[in-house]
Amino acid sequence: MTVAFFSGSRRRTAVALGAVSAGLLVLSACDKPTPIATLTVGSDSVHSEAACYNDGDAIKESQVQECLNKKAEKTLTVAPDDRIRFGVDPEIADNGWTIFLGGQQAEAEPYKKTYRTIPASAFFSSQTGETLDKAQVTIVENTGKKLTGIWHFQLKKES
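Reading the sequence shown from the start, the letters are residues 3 to 161 in the numbering used here.
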């Protein structure tokens, strides 16, 4: 009876091919990361992946309000005289993005650039005129009609 044996180099090649195949299988099961949004004040910055994202397609109408009401996981402490720099990945800017405050749209038209600066003081006064200590800021990617991504940040007023 004959037994087939692999030579040393063939065995190593077979093991290497098996490892590469297994690695590709594991990577194919991973989710593609969502685009990133970043808030920066001075040298402090926080960035986040989307709280809700559907690979660039519209978020289902039934999920929009729930997504807008999610609490922010990232917090940035700011002084009222600071300037907050907002940055988004180019694919977010291509569609356009708007800022929501407390789940409500704060501007009418989508912004189409990857970067903008807004004074922190704009986020710490309510419609009734009272001063706030914190504010939830939401970046919403939209095409003008459909929401395609939602990123949340908490701004905390420096004491």
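We treat Cβ as the ideally placed atom computed from N, Cα and C, and that holds for glycine.
Of the residues the options, the one placed nearest residue i, counting alpha carbons only
| i | options | result |
| --- | --- | --- |
| W99 | S161, K34, I38 | I38 |
| I141 | Q156, D57, V43, D83 | Q156 |
| A124 | I86, L41, T36, D96 | I86 |
| D96 | K34, G146, E160, S161 | G146 |
| V66 | H49, T130, A122, W153 | W153 |
| D46 | T36, D84, P35 | D84 |
Rounded C-alpha distance that separates residue i from residue j
| i | j | result |
| --- | --- | --- |
| S30 | V90 | Any reading at S30 must be qualified, since the residue scores a pLDDT of 45, below 50, and its modelled position is unreliable; the value itself is stated next. About 26 Å. |
| T150 | N144 | 5 Å |
| L27 | I61 | Reliability of the predicted coordinates at L27 is poor, the pLDDT of 45 falling under 50, and no value is obtained from them. |
| Q106 | S161 | 26 Å |
| K159 | P112 | 26 Å |
| F126 | E63 | 30 Å |
Where the alpha helix (DSSP H) through residue i begins and ends
| i | result |
| --- | --- |
| D51 | Checking the sequence, you will find Glu at residue 51 rather than Asp. Element bounds for E51: not the alpha helix (DSSP H) but the beta strand (DSSP E), 46 to 51. |
Residue interval of the beta strand (DSSP E) (run including residue i)
| i | result |
| --- | --- |
| A108 | Here A108 belongs to no beta strand (DSSP E), and DSSP marks it neither H nor E. |
Rounded distance between the beta-carbons of residue j and residue i, thought under 8 Å
| i | j | result |
| --- | --- | --- |
| E1 | I101 | The structure shown does not extend to residue 1, since the chain spans only 3 to 161, so no value can be given for it. |
| V48 | K73 | That pair is no contact at about 14 Å. |
### Query
Touch check for the stretch 50 to 66 and the stretch 119 to 139: three-plus C-beta pairs under 8 Å?
no
### Query
Can you find at least 3 beta carbon pairs, one from the stretch 64 to 83 and one from the stretch 38 to 48, that sit closer than 8 Å?
yes
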